[in-house]
Each structure stands twice: as structure tokens, then as C-alpha cells.
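Note that full-length UniProt numbering gives residue 189 to position 189 of the sequence shown, counting from 1, and the numbers run on in steps of one.
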Amino acid sequence: MNSMTKWALALTAALAALSAIIYFTFINTGEENVPQVAEASPDDIKVAAVGDSTTYGLMVDNREKNAYPHKLSEQLGEGYWVGNFGANNYAAMKSADFPYPETKEYSDSLELEADIAVIMLGTNDSKETNWQGKEQFRKEYSELVDAYAESNPDMQIYLATPPKAFNDADMTGDINNQNVEKITDVVKETAAKKGTGLIDINQLTQEERDWFQIDGIHPNAEGADRIAEEVEKHIAN
Numbered sequence: 001m002n003s004m005t006k007w008a009l010a011l012t013a014a015l016a017a018l019s020a021i022i023y024f025t026f027i028n029t030g031e032e033n034v035p036q037v038a039e040a041s042p043d044d045i046k047v048a049a050v051g052d053s054t055t056y057g058l059m060v061d062n063r064e065k066n067a068y069p070h071k072l073s074e075q076l077g078e079g080y081w082v083g084n085f086g087a088n089n090y091a092a093m094k095s096a097d098f099p100y101p102e103t104k105e106y107s108d109s110l111e112l113e114a115d116i117a118v119i120m121l122g123t124n125d126s127k128e129t130n131w132q133g134k135e136q137f138r139k140e141y142s143e144l145v146d147a148y149a150e151s152n153p154d155m156q157i158y159l160a161t162p163p164k165a166f167n168d169a170d171m172t173g174d175i176n177n178q179n180v181e182k183i184t185d186v187v188k189e190t191a192a193k194k195g196t197g198l199i200d201i202n203q204l205t206q207e208e209r210d211w212f213q214i215d216g217i218h219p220n221a222e223g224a225d226r227i228a229e230e231v232e233k234h235i236a237n
């Protein structure tokens with residue numbers, strides 16, 4: 001192998017490492033991502049899409065049109081207003097590194113007094129740095145759900161299980177799919193106990209690797225559209 005080839009290989013490896021660092025820094029920041037939404041009219045049925053980067057639409061091409069809440073708004077049509085209250089890298093649990101209850105998205109979604117709330121959190125709770133077992137998640141997740149129920153007793157609440165995390169991706173981050181499965185169980189149990197609606201996004205995505213970005217975690221435009229379709233089936237009257 002000549003020196004030029006060695007230099008080219010070294011440069012390629014360095015660029016790949018730099019890209020990975022930039023990528024993971026980007027997806028793992030705890031910054032608030034304030035949603036850009038138009039105001040609802042008085043007669044609209046207001047839907048609060050509560051969640052993490054899957055809801056926000058991180059990495060989705062043309063996010064303002066293709067993130068799942070925006071696709072949901074299109075599918076529901078006239079008479080509905082959907083607010084995107086997704087916050088990148090945030091978790092349901094208050095004990096997590098980035099707790100959703102500390103975000104502006106959380107307070108804004110409560111102040112909205114929505115008619116319908118779709119809560120899809122849990123992916124970031126699966127990280128080894130956050131995960132403390134099913135009982136701890138159940139306790140803190142239940143508290144989060146109760147906060148929405150208490151903010152508006154007439155609100156219809158739908159709990160959405162987190163999407164499958166595809167660990168065969170080239171860059172999977174620190175999301176743990178085994179913990180995602182445990183979280184999915186708790187979400188289902190919580191929905192049954194509290195009498196909320198349940199939207200099983202985990203089951204929907206089980207065999208759908210093509211719906212996700214290179215990291216195997218974040219939905220692409222097609223995945224966001226399919227998630228929106230599943231949500232629409234449950235909440236449309």
C-alpha cells in the first residue's frame with residue numbers, strides 16, 4: 001500500500017469519525033425545540049402531540065411539513081388543529097438527564113387545554129443512563145399522564161408506545177431496544193389502568209426498518225407519515 005493510499009484511507013476514517021461526532025452531538029443535545037404552530041380557531045378540535053424527537057421530526061426532510069404531527073394535521077383535515085410539542089432528547093421521567101416536564105413544550109402543551117393529547121415518550125428513558133427499571137418508569141410515567149388528565153378533565157388522552165429501536169443501524173446511539181420493549185409494556189399497562197386510549201406504534205414499526213433514518217431511531221418522512229396514519233385512525237371521530 002503506497003503512502004497516497006494510506007493517506008486517503010486515514011482521511012476517510014477521520015471524516016467518518018468527525019461526522020459521527022457531529023451527528024451524535026446533534027441528536028443528543030438537550031436544547032428546547034419550541035414548536036412553530038399556527039393558532040387554533042375557536043371551533044377547532046385541538047390536538048397536542050406530546051413527545052421527543054420522533055414527534056418533533058428530527059432529521060426528517062422538510063420537517064415543517066413532514067414531521068408526524070404536521071402529517072396528522074393534513075390527514076385529520078378541517079376542524080382539527082394539531083400542535084407539535086416534541087422536544088429533542090427528552091424523556092418522560094423527571095429523574096432522567098433531560099426530563100420532558102422541565103421543557104417549554106410541556107408547559108405550553110398543558111396551557112393549551114387541548115381536547116386531545118397524544119403522548120409518545122419513552123425512547124430516551126431507555127438509555128442506560130436513565131433506565132432504573134420498570135417500576136420506577138411506571139411511577140414517573142404515571143405522574144406525567146396524571147398531569148395532563150388534571151390539566152383538563154375533559155381531555156381525551158392517548159398513550160402511544162415508542163417506536164422500535166433498530167439496533168442493526170450503523171449508528172444507534174445509546175437507545176436500548178430491550179428497555180424500549182419494557183417501556184412499551186408499561187405504557188400498555190398504564191393505558192389500561194387509567195382508561196386512556198392506546199396507540200401501539202411499537203407494534204406498527206416492528207418490521208419496518210425502511211421507515212427510519214440511518215440511526216435506526218428517528219423516522220424518515222415515510223415513517224412519520226405512517227405513524228400519523230396510525231394516530232389518525234384512533235383519534236378521528
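Note that the Cβ used here is the ideal one computed from N, Cα and C, for glycine as well.
Residues near residue i in its chain [Cβ-Cβ closer than 7 Å; skip 5 each side]
i, result
"residue 211", "205, 219, 220, 222, 223 and 226"
"residue 75", "228, 229 and 232"
"residue 125", "91, 92, 93, 96, 131, 137 and 183"
Classification of residue i by the beta-carbon crowding that lies within 10 angstroms, buried from 16 upward
i, result
"residue 192", "exposed"
"residue 215", "buried"
"residue 79", "exposed"
"residue 95", "exposed"
"residue 129", "exposed"
"residue 66", "buried"
"residue 236", "exposed"
"residue 241", "The chain is shown from 1 up to 237; residue 241 falls before or after that span and cannot be answered."
"residue 127", "buried"
"residue 105", "buried"
Span of the beta strand (DSSP E) around residue i
i, result
"residue 80", "80–86"
"residue 47", "45–51"
"residue 114", "Neither: residue 114 is in no beta strand (DSSP E) and is coded neither H nor E."
"residue 199", "197–199"
Neighbourhood of residue i by C-beta, 8 Å cutoff - its chain only, sequence neighbours within 5 removed
i, result
"residue 121", "50, 51, 52, 90, 91, 92, 100, 141, 144 and 162"
"residue 155", "113, 114, 115, 116, 117, 148 and 149"
Range of the contiguous alpha helix (DSSP H) that encloses residue i
i, result
"residue 156", "It is not in any alpha helix (DSSP H) - residue 156 instead sits in the beta strand (DSSP E) that spans 156–160."
"residue 223", "221–235"
"residue 185", "177–194"
"residue 209", "Here residue 209 belongs to no alpha helix (DSSP H), and DSSP marks it neither H nor E."
"residue 136", "134–151"
"residue 128", "No alpha helix (DSSP H) contains residue 128, which DSSP labels as neither H nor E."
"residue 66", "63–66"
Other residues of its chain near residue i: CB distance less than 6 Å, five sequence neighbours each side excluded
i, result
"residue 61", "221"
"residue 165", "175, 177, 180 and 217"
"residue 151", "110"
"residue 213", "59 and 220"
"residue 48", "83, 85, 109, 112, 114 and 117"
"residue 33", "In this predicted model, residue 33 has a pLDDT of only 48, less than 50, meaning its place in the structure is not dependable; the value taken from the coordinates is given anyway. For residue 33, where only same-chain residues beyond five positions count, the Cβ hits under 6 Å are 56, 87 and 88."
"residue 196", "157 and 159"
Backbone CA spacing between residue i and residue j [nearest angstrom]
i, j, result
"residue 157", "residue 147", "11 Å"
"residue 185", "residue 207", "18 Å"
"residue 201", "residue 119", "11 Å"
"residue 58", "residue 123", "14 Å"
"residue 41", "residue 64", "20 Å"
"residue 167", "residue 43", "44 Å"
"residue 234", "residue 39", "24 Å"
"residue 188", "residue 160", "9 Å"
"residue 87", "residue 81", "19 Å"
"residue 190", "residue 198", "9 Å"
"residue 108", "residue 135", "28 Å"
"residue 46", "residue 203", "26 Å"
"residue 194", "residue 209", "32 Å"
"residue 54", "residue 103", "16 Å"
"residue 139", "residue 133", "10 Å"
"residue 77", "residue 98", "34 Å"
Proximity test, residue i beta-carbon vs the ligand HEM heavy atom, cut-off 7 Å
i, result
"residue 216", "As presented, the structure is devoid of all ligands, the ligand HEM included, so that no description of it is given."
> Do the stretch 228–236 and the stretch 57–75 make contact, defined as three or more Cβ pairs closer than 8 Å?
Replying inline: yes
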